[in-house]
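Protein sequence lines, in the order shown, are assigned to chains A, B and C.
According to this note's numbering, the first sequence is numbered sequentially starting from 3.
According to this note's numbering, the second sequence is numbered sequentially starting from 3.
According to this note's numbering, the third sequence is numbered sequentially starting from 1147.
Backbone N, C-alpha and C fix where the C-beta goes; we use that ideal spot for every residue, glycine too.
Data block below; observations after.
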Amino acid sequence: MLLPLLGALFIATLSKSKELLAKQITFATTLLVAIVGVAMATQFQRDNVDLQFVESHSWIPTFGINFAVGIDGIALVLILLSVLLAPVVVLAGWNEATGGRWSVKTFYIILLILETMMIGVFAASDVFLFYVFFEAMLIPVYFLIGGYGSGARAAAAVKFLLYSLFGGLLMLASIIALYVLSGEQGGHTFDLGALSQLHLSSTTENLLFLGFFIAFAIKAPLWPFHTWLPDAADSATPGTSVLLLGVLDKVGTFGMIHYCLALFPHASKTFTPVIIVLAVISVIYGAFLAIGQKDFKRLIAFTSISHFGFITLGIFAMTSQGHSGATLYMFNHGFSTAALFLIAGWMSARRGSSKIADFGGLQRVTPIMAWSFFFAGMSSLALPGLSSFVSEFLVLVGTYTRYPVAAVIAAFGIVLAAIYILIPVQRALHGPSTEGNETLTDLNLREKVAIAPVLAIILALGFYPSPLLNVINPAAQHVITKAGYSDPLPTIGSTSAEKETINK
Amino acid sequence: MISNSLVYLIVLPLFSSAVLLLTGRRADRWGHILGTLAPGISFLIGLYQLAQMLGRSNEERAVTQKLFSWISVGSFQVDASLMLDQLSICFVLLITGVGTLIHIYSIAYMSHDHDRRRFFAYLNLFIAAMLLLVLGDSYLNLYVGWEGVGLASYLLIGFWNQKPTYATAAKKAFIANRVGDLGLSLAIMIAFASMGTVSFAGIKEHAGQASTGVLTAIGITLLIAATGKSAQFPLQAWLGDAMAGPTPVSALIHAATMVTAGVYLIVRSNFIFDAAPNAQLAVAIIGAITLMFGALIGTAKDDIKKALAASTMSQIGYMILGAGLGPAGYAFAIMHLLTHGFFKAGMFLGAGSVMHGMDDEVNMRRYGGLRKFLPITFATFGLGYLAIIGVPPFAGFYSKDKIIEVAFNSGGAKGVILGCAALLGAAITAFYMTRVMILTFAGSKRWDDKAHPHESPVLMWLPMVLLAVGSVTSGFLFTQGNSLQKWLAPVVEQSPAAEGELLKPAVVSILALLLVITGVGLAAMMYLRKPVPVQAPADVSIFTRIARRDLLQDEFNEAIFMRPGQKLAKALGIADNAVIDGAVRGVARLTQGTGRTLGLTQNGFVRSYAMWILLGAIGLLATIWAVTL
Amino acid sequence: MNPENYLYVSALLFSIGAVGVVVRRNAIVVFMCVELMLNAANLAFVTFARINGNLDGQVIAFFTMVVAACEVVVGLAIIVTIYRSRRSASVDEASLLKR
């Protein structure tokens, strides 16, 4: 976990002129981290629902704050997502740091710091530590958008920062309240496990829940807290957008599972109807806005809002299908959005514009690029056989068993998804090649190498999601049980054996 | 029974498709051969499976193969596993058999196309997906194939997507299909929520205990799925435009196989529909509406492929009607599906052959008198024609008359109405097919001298001949001793003893024949007696004009869904910017404004600061004084 | 003599100082007015010490004087520097710190 930080320090010692070396070291570091991450994943005991790889060091003893980390299946999946996406982003955005406000070297230092933060935020098992990572993560992103983005990058960066800080402060207030309350009930602590044992009055619990939830809803982003995302995604470099949408936003949904549900099970229950409604609105609303967009990057950003609606829906449906589906969705969405964003980034870098109307007939001019985009788009609209389908379907099925109406409305999202993906596909890839596009070059070897593993993972997980599901399932089941839920039984036809186990 | 070879049926074309797509231009020279071999070998495997199946007793004929556990979360357990039973084998042979013929045809038809390799890759992908659709042992496995064929269809309709209208047609097909897919996914969700399983066997087992309401809901959502895929009312609008794809595609996907997937779905789900009479009635009604709808459109189309597409729509209406008639109709729906697969594919290939000889001209008003130039095409197309209008002893006669007969005998006013619709449809079918025949092959030449009509090469006419043989003989074979009915009996419920037949089979046949002759005669009178104008006459009745515009289906969709949808998307975009982001920006502006206003007091004059301090102190003292007083 | 009268004098001196700070422009004069206010406060402290009969007020008065002395050193230095650079000791002209 500390590896990227070391890499960052190392690059910091290099001189500014050695750009290539900085890139190579960054890539090597991220690759190494990815390998370590995968190796760790193989060590993970999937049936053990407790936190694993636990480490704890006293940090600020006065307040009982520990540098405590430890992961369960859900966190493991998200850490895997982060470490796998990082080298792809570095490789794919080999040249995107040039032309920024600061040097190329700085870009990669920030990037590596960000990777450290991302891993930290998923691994933290101390609430205060989580908060620190949660907020500290904003800083590198702020600089990545504001320093290396395009267009109204400063405004977008400020908007992003203020939105997130607002949510973060609410969360901080809740965390302090928790700390104080834990003091009243025998010993101040920030430990997640200990805090979840607190007895809270329902009003307190509701208020604290809202503090956490709004922070996560802004991060996720859930309607109506979403407006920072399109601006940020539009202005950021493609690589930053990938990390932003692919990993950072997952902190929001991850937080919902890991903190909202664990700390405030009753309040979660109270607010579930409201959240389900917000999630369904997000699904439909994001899709409609995506249909109306004229710019690739904004379009992808809005599709993500729709997808995050699905994830939130799955989380608060409180069924094992919904939960596993939501976690898997986070992973899959990371990859399909990464692919979409990277390719859209390459397209706009070649054309000098990200307006859909400026493209046309790319399938003839740049077949590989067009195909990759199409493939990623198919994944985004959840075509069966690609990874998103499994997760989206699990979310829908899981939701249906508890909230049929919400599931039916959300299911219309799959029709809208077809529309919002096929419109850009038709306008940009099909048709005659329009003026200015005849000479675009196809993907080069570096880009092919960057995108191929992403597409391969999308395809492989579509047909064989079991490796991930096996890791997620016990953790998801554990969260649901702790929140006091069990899967609704089929109205008929549950066999006698199943009934017996439930009676026990 | 367990089998280990089922998966090769699917893997072969899938593998071939992947190879063709990934190797790129390097495979241009041999791509079409690999692409044709793959379904060919699958066909041989299918035949082998059939032979094995025939060797077993009736109850043991179904075989399954479990590949791996696909999705497993809590009680939601779905395996990737395949099942081949009497119903699937019919489809497997149809798909791979007709598919192979059409691949062979395409070698010649697409030989001038720069991207022939890509075309074969898509076709192989389609074959693989379609096989998965009919071989999947649960609704979710079927769903994968279901969307897979949709994808392949999208790719193939848009094969020449450099033309914007073709790209739009492809998109339209995909989206209409997606609406259907929505139905299928809802059906799966309902099934899982109520029965805890999504496999065919599991649902069949529990269907008996489920309430009628649940089963009706599943039935209706399955019907929505079927209407999307099979171009049934009200999701039929995409099929006509789908003719933008190369003609072999129209033959394979949009006539013989994919569009019949809806029929497969309904027949496969017979246990649900049998227990949900309302859903079953809805199926029959949709079938009847579509068969009339398609037939009416068919009478007005001048584009030979669109006329055939309308006919496909109408014929699938017959199948859906048959499937909606319950146990009595399932076997005949499948029979009509198979015979239709032969004769409609044959006719589409014929149309392709005509276009091949006529420089891709599709307007029938510019044909005329082609029988001299394309004798083989004329003969095979003619046999298909006789089959579709139901002249004995050609295939359509057996299958279609049976559906009409069952419709009449389904009892009550429902039977009479459905039966009459089917009969009337038969008459209109005769009319528009005769019109197609006459406009294309009879009469005088109406093409200009640039076109040089010629017979197609052997690779093209051989498949046409084989399909024509099928259209002549298949109906007879399937009905010989009710062989197909008996074959399918273990899958679908055996039909109960007919209770008081309303019309004897012979009467139905004679009635149908009389109507067919009327239709043929009418068409002959209209189009043979006087020369056909090259330009479509404009001074026609309002009905003709509406029929030419596909009975306003596009206008309806655009007015009800597309334009409001676009407006909504646009309005939401503006609202998002104005209201939500506006609120955020408002807060930001308020903060800025406050800061700026307060900043005015910071004028830099020490004395004014001092005065403010003084006033503040006085104010503070005054407050304290007032409070303590 | 009634010690209250000292308080009235103190209040009067303070008011004169405050008005002077607000209305005068010359930095030296403003400065002297500030001193006047400080000394008015000192007077009040000493008076209160007398009234209450303890030494607290006187101690504070000494502290104030020390602070005032320091202030004179720093303040005069600033004023002189400003005068040198601007050839004027008007406080209104030294408004560079406004936003």
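Quiz item: Beta-carbon of M132/B versus every beta-carbon of chain A: anything under 8 Å?
Solution: As a working note, residue 132/B is residue 130 in the second sequence. Not closer than 8 Å to any Cβ of chain A, the Cβ of M132/B fails to qualify, so no.
Quiz item: Does the Cβ of V493/B lie closer than 7 Å to at least one heavy atom of the ligand NAD?
Solution: Among the components modelled here there is no ligand, and therefore nothing to report on the ligand NAD.
Quiz prompt | Validate contact between the region 1224-1243 of chain C and the region 1204-1216 of chain C using beta carbons, cut 8 Å, 3 pairs | solution = no
Quiz item: Which runs of the alpha helix (DSSP H) spanning at least 4 residues fall entirely within the region 24-107 of chain B, listed in chain order?
Solution: 33-56
Quiz item: Closest to P250/B by CA distance: which of N365/B, M349/B and I43/B is it?
Solution: As a working note, residue 250/B is residue 248 in the second sequence. When each option's Cα is compared against that of P250/B, the closest is M349/B.
Exercise. Would you give the residue range spanned by the alpha helix (DSSP H) that S317/B belongs to?
Key: On the second sequence, position 315 is the one that residue 317/B refers to. The question names Ser, yet the displayed sequence has Gln at residue 317/B. From DSSP, the alpha helix (DSSP H) with Q317/B extends over I306 to A325.
Quiz item: What first and last residue would you give for the beta strand (DSSP E) that runs through A284/B?
Solution: Stepping through the second sequence from its first residue, residue 284/B is reached at position 282. Element bounds for A284/B: not the beta strand (DSSP E) but the alpha helix (DSSP H), P279 to A302.
Self-check item: Cβ-Cβ separation, A397/B to A341/B (assumed contact under 8 Å), whole Å
Solution: Looking up residue 341/B in the second sequence gives position 339. Looking up residue 397/B in the second sequence gives position 395. Residue identity check: residue 341/B is Thr in the sequence provided, not Ala. Indeed they touch by this definition, with Cβ atoms about 4 Å apart.
Practice problem: Return helix, strand or coil for Q604/B, following the three-state DSSP convention. | Solution: In the second sequence, the residue the question calls residue 604/B occupies position 602. Residue state, collapsed to three classes: coil.
Quiz item: Taking only runs of the beta strand (DSSP E) that begin and end inside the region 37-115 of chain A, which ones reach a length of at least 3 residues, in chain order?
Solution: 54-62 and 67-73
Quiz item: According to the Cβ coordinates, are W230/A and Y144/A closer than 8 Å?
Solution: Counting from one through the first sequence, the residue named residue 230/A turns up at place 228. Counting from one through the first sequence, the residue named residue 144/A turns up at place 142. Contact: no.
Quiz item: Can you name the start and end residues of the alpha helix (DSSP H) that I220/B belongs to?
Solution: Sequence index remark: in the second sequence, residue 220/B carries index 218 (1-based). Its alpha helix (DSSP H) spans residues T214 to K231.
Exercise. Evaluate the contact criterion for the region 47-59 of chain B versus the region 4-19 of chain B: three or more CB pairs, one atom per stretch, below 8 Å.
Key: yes
Quiz item: Considering only C-alpha positions, which residue in the set V129/A, L388/A, Q365/A and I178/A is nearest to W61/A?
Solution: Residue numbering aside, residue 61/A sits at position 59 when the first sequence is read from its first letter. Taking only the C-alpha atoms, the option nearest W61/A is V129/A.
Self-check item: Length of the line joining the Cα atoms of Q238/B and H208/B
Solution: On the second sequence, residue 238/B is found 236 positions in, with the first residue counted as 1. On the second sequence, residue 208/B is found 206 positions in, with the first residue counted as 1. Cα-Cα distance, rounded: 33 Å.
Self-check item: Contiguous alpha helix (DSSP H) assignments of at least 4 residues, all confined to the region 260-299 of chain A
Solution: 267-294
Practice problem: From the DSSP output, read off the bridge partner residues of A126/A. | Solution: For this step, residue 126/A is matched to residue 124 along the first sequence. V71/A, per the DSSP bridge assignment.
Exercise. Would you decide whether L262/A is buried or exposed? Buried here means 16 or more other CB atoms lie within 10 Å of its CB.
Key: Residue 262/A sits at position 260 when you count from the first residue of the first sequence. The sequence given here places Cys at residue 262/A; Leu does not occur at that position. It counts as buried.
Quiz item: With which residues is S140/B paired in a DSSP beta bridge?
Solution: Translated into the one-based positions of the second sequence, residue 140/B becomes position 138. DSSP, once it has assigned bridges, lists S201/B as partnering S140/B.
Quiz prompt | Endpoints, the alpha helix (DSSP H) within which W489/B is located | solution = By one-based count along the second sequence, residue 489/B stands at place 487. Residues S485 to L490.
Quiz item: If you measure from the beta carbon of M320/A to each beta carbon in chain B, is any gap under 8 Å?
Solution: Translated into positions along the first sequence, residue 320/A becomes position 318. Judged by the 8 Å Cβ criterion, M320/A is not in contact with chain B.
Practice problem: Go ahead and pull the three-state DSSP assignment for S1236/C. | Solution: Reading the third sequence from its first residue, position 90 is the one you call residue 1236/C. Three-state result, S1236/C: strand.
Self-check item: Contacts that A420/A makes with chain B (C-beta to C-beta distance below 7 Å)
Solution: The sequence position of residue 420/A within the first sequence is 418, counting from 1. By Cβ distance, chain B contributes F176, I177 and R180.
Quiz item: Quick one: Cα of F122/B to Cα of I255/B, how far?
Solution: For the purposes of this step, residue 122/B is identified with residue 120 of the second sequence, where counting begins at 1. For the purposes of this step, residue 255/B is identified with residue 253 of the second sequence, where counting begins at 1. Spanning the two alpha carbons is a distance of roughly 13 Å.
Quiz prompt | M119/A versus L245/A: straight-line alpha-carbon distance, rounded | solution = Against the first sequence, residue 119/A aligns to sequence position 117. Against the first sequence, residue 245/A aligns to sequence position 243. Taking the straight line from one Cα to the other gives about 12 Å.
Exercise. List the endpoints of the continuous alpha helix (DSSP H) containing Q568/B.
Key: Here the question's residue 568/B lines up with position 566 in the second sequence. First-last of the alpha helix (DSSP H) with Q568/B: R565 to A577.
Exercise. Starting from G379/A, follow the alpha helix (DSSP H) in both directions and report where the run begins and ends.
Key: On the first sequence, residue 379/A is found 377 positions in, with the first residue counted as 1. Per DSSP, G379/A belongs to the alpha helix (DSSP H) from P369 to S382.
Practice problem: Give a yes or no on whether 8 Å exceeds the smallest Cβ distance from V1168/C to chain B. | Solution: Taking the third sequence and counting its residues from 1, one reaches residue 1168/C at position 22. Closer than 8 Å to some Cβ of chain B, the Cβ of V1168/C qualifies, so yes.
Practice problem: Could you say if the region 276-283 of chain A and the region 400-418 of chain A meet the contact criterion of at least three C-beta pairs nearer than 8 Å? | Solution: yes
Quiz item: By Cβ distance, which residues of its chain are closer than 6 Å to V522/B, with the 5 residues on each side in sequence left out?
Solution: Taking the first residue of the second sequence as 1, we reach residue 522/B at position 520. Closer than 6 Å at the Cβ level, and outside the excluded window around V522/B, lie A432 and T436.
Quiz prompt | For D193/A, three-class secondary structure by DSSP | solution = Counting from 1 along the first sequence, the entry for residue 193/A is found at position 191. Three-state DSSP puts D193/A in a strand.
Quiz prompt | Beta-carbon neighbours of L1207/C, restricted to chain B and to distances below 7 Å | solution = By one-based count along the third sequence, residue 1207/C stands at place 61. Rather than Leu, the amino acid found at residue 1207/C in this sequence is Ala. None at all; the shortest Cβ gap to chain B is about 20 Å.
Quiz item: Got a sec: is the Cβ-Cβ distance from P223/A to anything in chain B below 8 Å?
Solution: As a first step, residue 223/A is located in the first sequence; it is residue number 221 there, counting from the start. It does not; no Cβ of chain B falls within 8 Å.
Self-check item: Contact check, G2/B vs A154/B, beta carbons under 8 Å
Solution: The structure shown does not extend to residue 2/B, since chain B spans only 3 to 631, so no value can be given for it.
Quiz item: In three-state DSSP terms, what is A500/B?
Solution: Here residue 500/B is taken as the residue at index 498 of the second sequence, counted from 1. Residue confidence is low: A500/B scores 49 on pLDDT, short of 50, so the model does not pin down where it sits. No coordinate-derived value is stated.
Practice problem: Provide the residue(s) that pair with K357/A in DSSP beta bridges, ordered along the chain. | Solution: Within the first sequence, numbered from 1, the residue matching residue 357/A stands at position 355. Note: K357/A sits in a beta bridge opposite D297/A.
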